[in-house]
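Enquirer: Can you read through this structure? Questions will come right after.
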Ligand code: F6P
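Residue numbers (the UniProt record's numbering): 32 to 355.
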């Protein structure tokens, strides 16, 4: 192993830069050369490469987004696209890659590895925290704190007007971000795809809220794979409870920005180093994971992309218990 490529792919997440920095510095410390691949897999196809030396990754640790840029490449899904990517990697002398991303990014790496002899190791980077086999993905903690800060602000205006706010939180099909942020803001109800029974509790809350004066509320709604789902839900509630003053807020891409939290920076740095070590150890097609109090683990891509990350059932029960 002499030269490795590093890329970010799929939706960006705060902390990706910290991971790029850690991969670059760890590789250089271990006498490897590093090439940054810009714009995800599309950059592989276009030969959009940039050499990375230790000082090239200075001053990025604390910045949100990804300095390598990212993309969701349709061309990489085609055989022709992957062949072009392979030829470019060969020409550049890249003999292994670290890909920072989520589900789609690891599926891409897995398909590529079936035909070509360049090993890939993945680092989970997504605000959704939806990868199986890891307790944690880079960006999740920052996004969680962003949601909490935003909802705390909405709570002020909700209380002043005795309104009920339905707030949509990202996460694709997964409700982890919604559940955790809901607990952190003390939401009156939390709607997530993994625990339909919480919908009944929303109904119970609304019935109570309908009778009581001076009552405002925060309902956190996971987007559940359909951005804007919250609008339908809020409309139905408005029709059933005409006396309630209902408002909707979709937090949107604010959840993907901002400087990474300390936890995200540490996770990214730890996993960045572990990814380089895994490649040097001849590992391939595995995702670096953090389990049991932030210990490193390896999970085959095959498992990471196939199974769902279960939600924390304890949190669901806690929500039901204390929401009286
Ligand atoms: O996977 C990260 C994520 O922010 C999801 O939570 C959300 O559903 C999706 O990406 C939004 O994608 P886009 O950036 O393409 O709008």
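Backbone N, C-alpha and C fix where the C-beta goes; we use that ideal spot for every residue, glycine too.
Evaluate residue 332 with the Cβ neighbour count: other Cβ atoms within 10 Å of its Cβ, from every protein chain shown; 16 or more gives buried, anything less gives exposed.
Expert: buried
Enquirer: Is the segment 137 to 154 touching the segment 77 to 91, taking contact as three or more C-beta pairs under 8 Å?
Expert: They do not touch, by the three-pair rule.
Enquirer: What is the DSSP secondary structure of residue 67, counted as helix, strand or coil?
Expert: strand
Enquirer: Quick check: does the Cβ of residue 108 come within less than 7 Å of any heavy atom belonging to ligand 1?
Expert: no
Enquirer: Residue 269 to residue 275, Cα distance in whole Å?
Expert: Computed Cα separation, rounded: 7 Å.
Enquirer: Give the range of the beta strand (DSSP E) segment to which residue 278 is assigned.
Expert: Per DSSP, the unbroken beta strand (DSSP E) holding residue 278 starts and ends at 277 to 281.
Enquirer: For residue 327, which residues in the same chain have their Cβ closer than 8 Å to its Cβ, ignoring the five residues on either side in sequence?
Expert: These residues qualify, in order along the chain: 301, 302, 305, 319, 320, 321.
Enquirer: Less than 8 Å separating the beta-carbons of residue 119 and residue 91?
Expert: No, these two residues do not count as a Cβ contact at 8 Å.
Enquirer: Considering just the uninterrupted stretch of the alpha helix (DSSP H) at residue 295, what are its terminal residues?
Expert: 293 to 311
Enquirer: Taking 8 Å as the threshold (C-beta atoms), are residue 160 and residue 208 in contact?
Expert: The answer is yes: Cβ separation under 8 Å.
Enquirer: Note down the Cα distance separating residue 198 from residue 108, rounded to an integer number of angstroms.
Expert: In a straight line, the C-alpha of residue 198 is about 35 Å away from that of residue 108.
Enquirer: Who pairs with residue 329 in a beta bridge, going by DSSP?
Expert: 319
Enquirer: Go through its chain and collect everything with a Cβ distance to residue 133's Cβ below 6 Å, but skip five positions before and after it.
Expert: Around residue 133: 41, 157.
Enquirer: By DSSP, does residue 156 sit in helix, in strand, or in coil?
Expert: strand
Enquirer: Of all the CB atoms in chain C, is at least one closer than 8 Å to the CB of residue 191?
Expert: Within the model displayed, chain C is absent; a lone protein chain is all it includes.
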